[in-house]
Amino acid sequence: MKRRHFVKKSTLVYFSALLSADIVFGNFLPANYTPLALQDPDPFKLFHKDPEMEVLNDKPWNIESKANLLNDAVTPNNSMFIRNNGNIPSTIDVENWSVHFDGESILNEKTFTLNELKSNFKQYTYQLVLECGGNGRNEFNPPAKGNQWSTGAVSCATWTGIRLKDVLDAVGVKDDAVYIGYHAADTHLSGDPAKEPISRGMPMQKAYQEETLLAFKMNGADIPLVHGFPLRLVAGGWPASVSGKWINRISIRNIVHDGAKMGGDSYRVPCKPVEPGAKVPEEDMCIIESMPVKSLITYPKTGAIVNLGETININGHAWAGELEVKTVEYSIDFGATWSKTKLEKPVNRLAWQQFSAAIKFPEKGYYEIWAKATDSQGRNQPMIVPGWNPKGYLNNACHRIAVKIS
Amino acid sequence: MENQEKSKSRFKANRILVYVIGFVVVVAAGIFIFYLIDPTLSVFKPDDSKESTYVEKSNIKDEYNEVTNGIHVRTGLIAADGFMTVVNNCTNCHSAKLIVQNRMNEERWKATIKWMQETQNLWDLGENEQVIVDYLVTNYPPNKKGRRQNLENIEWYALE
């Protein structure tokens, strides 16, 4: 009896958290009843997103942000992109949430409750870039299969959690460990309970990085349900699919993890460059690790008209996967000449960096402002769409906005 | 003499039988020809020659599968040959939005179906597979984009 009350109460708290409001007369809610707001057909209200964002898919939910909505140094929830491979878990029992650690290469198989993870391990906060591997897919030719992301599948929020490496140290890892694989509470679109929508992971070297977190807070508050409440992995700088949501099991593997979306064309690109449209055998595909250098002009919004003689102050972010961004340049003549922008240092490793510049235009007309970032190893963004791959990953071509001088 | 009478009446009976058979054949042929012209065999046949009339009628008759300006409103799919086969086979697991935003040739649409059958529990489509592939290739073929497209759909505004 007491337990039932307790479960109901915690579910209520969870609903309230989702709605960011107390549910008045919550005690009178019938059991198993989903508040009307959660059935809201308006996804922007349902997920607290800016209505300017674009719904690419509603089964599963995939919603893209816009460059101009990403102007904040720390991405707020209301402009963070949504990427799902399956159905969002329908019920979350926070009080009894646990994560089971197992796998061929674990020394002591163990289950931690969420509360144990929070209290037994030291907590850290980092600002981390999460970018969908397919961000920019819509530019590939021939078109690549999947959600046609443009430029808005990237975010850099503040994540608070415990280091994955601290838990790995606690359970013990054998010398033959190669990879960790995650398992989660989301469900397969076909409704088949035996199938996982996605179960990816990372090599031990990434799992042991200080910034790789099992996170339970985003921007200082509980992670919104759609972004992985109550617990998710955050592996900054790698395709965001590595950062599994709703984590309930982590396997330490003695092979490269072979879960759903680890094989085939998923999150993999040809190991050697191929011609556009080529058929690539499975054994010639390699898993994407660090994302490439990239930048985004977040102010002004494309389409600005200013009078001749006026200055346009641009700003935006640049990031480079595992690396730091060394310079960001801009061009108003389609890359014929480039000028330096002012570039900030990252607040921590794997956070994006802010750039800004004041631009004057020589005469009236149509211009495009292009931004080009260069990473600490001297690689810069291509001006055209980079190497074709079957699923259209890793498009880091220069971002452009259109302006008119009148 | 008796024999003659008998064969006479038999001949009469045969003639009636021939008439009946002939009548049945003519009626059957008539129905068959009508069927060839109008396979629905329905007096409530929608008038296909006028798209707009069809749309108006469908609003009243079947809001669930409403078609406006050639688009199936509920799914966003182009309401062309085979689209209901696509709706019925392809939107159980995923949204039609995933179809609408993709562009592939026959080979790659087929490979996508095969991938869904191998990994995502899509059933054997049988004869419907070609109907679906033909629909997709006709209505969602690859568009040539080159290496970098012009910036499009720009909403111009005065920057203060």
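Line order of the protein sequences matches chains A and B.
Numbered by my numbering, the letters in the first sequence go through residues 1 to 406 in order.
Numbered by my numbering, the letters in the second sequence go through residues 407 to 566 in order.
For every residue, glycine included, the Cβ atom is placed at its ideal position computed from N, Cα and C.
Can you confirm whether residue 504 of chain B, when its beta carbon is compared against all beta carbons of chain A, has any partner nearer than 8 Å?
To locate residue 504 of chain B, count along the second sequence from 1; it is residue 98. Residue 504 of chain B counts as touching chain A.
Tell me the rounded alpha-carbon separation between residue 435 of chain A and residue 514 of chain B.
Within the shown structure, residues of chain A are numbered from 1 to 406, placing residue 435 of chain A beyond reach of any answer.
Could you confirm whether any beta carbon from chain A is found closer than 8 Å to the beta carbon of residue 500 of chain B?
By 1-based counting over the second sequence, the position of residue 500 of chain B is 94. Chain A, which has a Cβ nearer than 8 Å to the Cβ of residue 500 of chain B, makes this yes.
Quick one: what does DSSP say residue 449 of chain A is sitting in, helix, strand or coil?
In the structure as shown, chain A starts at 1 and stops at 406, and residue 449 of chain A therefore has no counterpart that could be examined.
So residue 554 of chain B contacts chain A; which residues on that side make the cut at Cβ distance below 8 Å?
Locating residue 554 of chain B in the second sequence gives position 148, counting from the first residue. What residue 554 of chain B touches in chain A: 139, 383, 384, 385 and 397.
Please classify residue 544 of chain B: is it buried, with 16 or more other beta-carbons within 10 angstroms of its beta-carbon, or exposed?
As a first step, residue 544 of chain B must be located in the second sequence, where it is residue number 138. With fewer than 16 other Cβ atoms within 10 Å, it is exposed.
Under 8 Å Cβ to Cβ from residue 380 of chain A, same chain only, skipping five residues before and after it: list those, please.
Your numbering for residue 380 of chain A matches position 380 in the first sequence. Taken in chain order, the residues that qualify are 293, 372, 373 and 374.
Keeping to the same chain, check which residues put their C-beta closer than 7 Å to that of residue 148 of chain A; ignore five residues upstream and five downstream.
The residue labelled residue 148 of chain A in the question sits at position 148 within the first sequence. Cβ neighbours of residue 148 of chain A beyond the five flanking positions: 56, 137 and 138.
Check whether chain A comes within 8 Å of residue 461 of chain B, counting only Cβ atoms and requiring the distance to be less than that.
Numbered from 1 along the second sequence, position 55 holds the residue referred to as residue 461 of chain B. Here residue 461 of chain B scores only 44 on pLDDT, less than 50, and its place in the model should not be relied on; the value that follows carries that caveat. It does not; no Cβ of chain A falls within 8 Å.
Nearest chain B C-beta to residue 302 of chain A closer than 8 Å, yes or no?
As a first step, residue 302 of chain A is located in the first sequence; it is residue number 302 there, counting from the start. Yes, residue 302 of chain A lies at the interface with chain B (some Cβ there is under 8 Å from its Cβ).
Does residue 565 of chain B come within less than 8 Å of chain A when only Cβ atoms are used?
Position 159 of the second sequence, counted from the first residue, corresponds to residue 565 of chain B. Chain A contact via Cβ: present.
Using the three-state DSSP reduction, which class does residue 405 of chain A fall into: helix, strand or coil?
To locate residue 405 of chain A, count along the first sequence from 1; it is residue 405. Here residue 405 of chain A sits in strand by DSSP.
State buried or exposed for residue 433 of chain B, treating a residue as buried only when at least 16 other CB atoms are found within 10 Å of its CB.
Residue 433 of chain B sits at position 27 when you count from the first residue of the second sequence. Per the 10 Å Cβ criterion, exposed.
Can you list, in chain order, the residues of its chain with a C-beta nearer than 6 Å to that of residue 546 of chain B? Leave out the 5 residues immediately preceding and following it.
The count along the second sequence starts at 1 and reaches residue 546 of chain B at position 140. The residues are 509.
Skipping 5 residues on each side, what residues in its chain have a beta carbon closer than 6 Å to that of residue 76 of chain A?
Locating residue 76 of chain A in the first sequence gives position 76, where the first residue counts as 1. Here the set comprises nothing.
On the DSSP letters alone, give me the boundaries of the alpha helix (DSSP H) that residue 517 of chain B sits inside.
In the second sequence, the residue the question calls residue 517 of chain B occupies position 111. Run containing residue 517 of chain B: 512-525, per the alpha helix (DSSP H) assignment.
Are the C-beta of residue 58 of chain A and some C-beta of chain B separated by less than 8 Å?
To locate residue 58 of chain A, count along the first sequence from 1; it is residue 58. It does; some Cβ of chain B falls within 8 Å.
Determine the closest residue to residue 288 of chain A out of A:393, A:49 and A:353, with distance taken between C-alpha atoms.
Here residue 288 of chain A refers to the residue found at position 288 of the first sequence. Ranking A:393, A:49 and A:353 by Cα distance to residue 288 of chain A puts A:393 first.
Does the contact criterion of 3 or more C-beta pairs under 8 Å hold for the segment 99-111 of chain A versus the segment 192-203 of chain A?
Segments in contact, no.
Check this for me: beta carbons of residue 328 of chain A and residue 254 of chain A, under 8 Å apart or not?
To locate residue 328 of chain A, count along the first sequence from 1; it is residue 328. To locate residue 254 of chain A, count along the first sequence from 1; it is residue 254. Their beta carbons are not under 8 Å apart, which means residue 328 of chain A does not touch residue 254 of chain A by this criterion.
By a C-beta neighbour count over all protein chains shown, 10 Å radius and 16 as the cutoff for buried, is residue 459 of chain B buried or exposed?
In the second sequence, the residue the question calls residue 459 of chain B occupies position 53. For residue 459 of chain B, the predicted model reports a pLDDT of 39, less than 50, meaning its position is unreliable; a value from the coordinates is still stated below. It is exposed - the Cβ of residue 459 of chain B has fewer than 16 other Cβ atoms within 10 Å.
Look at the alpha carbon of residue 91 of chain A and the alpha carbon of residue 338 of chain A, and state the distance between them as a whole number of angstroms.
Position 91 of the first sequence, counted from the first residue, corresponds to residue 91 of chain A. Position 338 of the first sequence, counted from the first residue, corresponds to residue 338 of chain A. Their Cα atoms are separated by approximately 52 Å.
In chain B, which residues lie less than 8 Å from residue 400 of chain A when you measure between Cβ atoms?
Working through the first sequence from its first residue, we reach residue 400 of chain A at position 400. Here the neighbours are 557.
Beta-carbon of residue 79 of chain A versus every beta-carbon of chain B: anything under 8 Å?
Position 79 of the first sequence, counted from the start, is the residue given in the question as residue 79 of chain A. Cβ-Cβ to chain B under 8 Å: no for residue 79 of chain A.
Give me, in chain order, the residues of the same chain whose beta-carbon lies closer than 6 Å to that of residue 502 of chain B; leave out the 5 immediate sequence neighbours on both sides.
Stepping through the second sequence from its first residue, residue 502 of chain B is reached at position 96. These residues qualify, in order along the chain: 481, 482 and 483.
Does the distance from the C-beta atom of residue 356 of chain A to that of residue 341 of chain A stay below 8 Å?
Start at 1 with the first residue of the first sequence, and residue 356 of chain A comes out as number 356. Start at 1 with the first residue of the first sequence, and residue 341 of chain A comes out as number 341. Result yes, Cβ atoms of residue 356 of chain A and residue 341 of chain A sit closer than 8 Å.
For a cutoff of 8 Å on Cβ pairs, would you count residue 312 of chain A as touching chain B?
As a working note, residue 312 of chain A is residue 312 in the first sequence. It does; some Cβ of chain B falls within 8 Å.
Give the residues of chain B in contact with residue 394 of chain A, contact being defined as C-beta atoms less than 7 Å apart.
Start at 1 with the first residue of the first sequence, and residue 394 of chain A comes out as number 394. Here the premise fails: no neighbours, minimum Cβ distance about 15 Å.
Which two residues bound the contiguous alpha helix (DSSP H) that contains residue 491 of chain B?
On the second sequence, position 85 is the one that residue 491 of chain B refers to. 489-496 is the extent of the alpha helix (DSSP H) around residue 491 of chain B.
Tell me whether the beta-carbon of residue 236 of chain A lies closer than 8 Å to the beta-carbon of residue 210 of chain A.
The residue labelled residue 236 of chain A in the question sits at position 236 within the first sequence. The residue labelled residue 210 of chain A in the question sits at position 210 within the first sequence. No, the pair does not count as a contact, with Cβ atoms beyond the cut-off.
Taking the straight line between their C-alpha atoms, what separation do you get for residue 429 of chain B and residue 421 of chain B?
The sequence position of residue 429 of chain B within the second sequence is 23, counting from 1. The sequence position of residue 421 of chain B within the second sequence is 15, counting from 1. Cα-Cα distance, rounded: 12 Å.
Can you tell me whether DSSP reads residue 43 of chain A as helix, strand or coil?
Within the first sequence, numbered from 1, the residue matching residue 43 of chain A stands at position 43. If DSSP states are grouped into helix, strand and coil, residue 43 of chain A belongs with the helices.
Under 8 Å: do the segment 299-315 of chain A and the segment 85-102 of chain A share three or more Cβ pairs, one atom per stretch?
Taking one beta carbon from each stretch, the segment 299-315 of chain A and the segment 85-102 of chain A have fewer than 3 pairs nearer than 8 Å; the two do not touch.
For residue 550 of chain B and chain A, any beta-carbon pair shorter than 8 Å?
Sequence index remark: in the second sequence, residue 550 of chain B carries index 144 (1-based). With 8 Å as the cut-off, residue 550 of chain B counts as an interface residue toward chain A.
For the candidate residues A:268, A:199 and A:290, whose alpha-carbon lies nearest to that of residue 250 of chain A?
Here residue 250 of chain A is taken as the residue at index 250 of the first sequence, counted from 1. Comparing Cα-Cα distances from residue 250 of chain A to each of A:268, A:199 and A:290, the minimum goes to A:199.
Mind checking who residue 319 of chain A pairs with in its DSSP beta bridge?
In the first sequence, residue 319 of chain A corresponds to position 319, counting from 1. Its beta-bridge partners are A:294.
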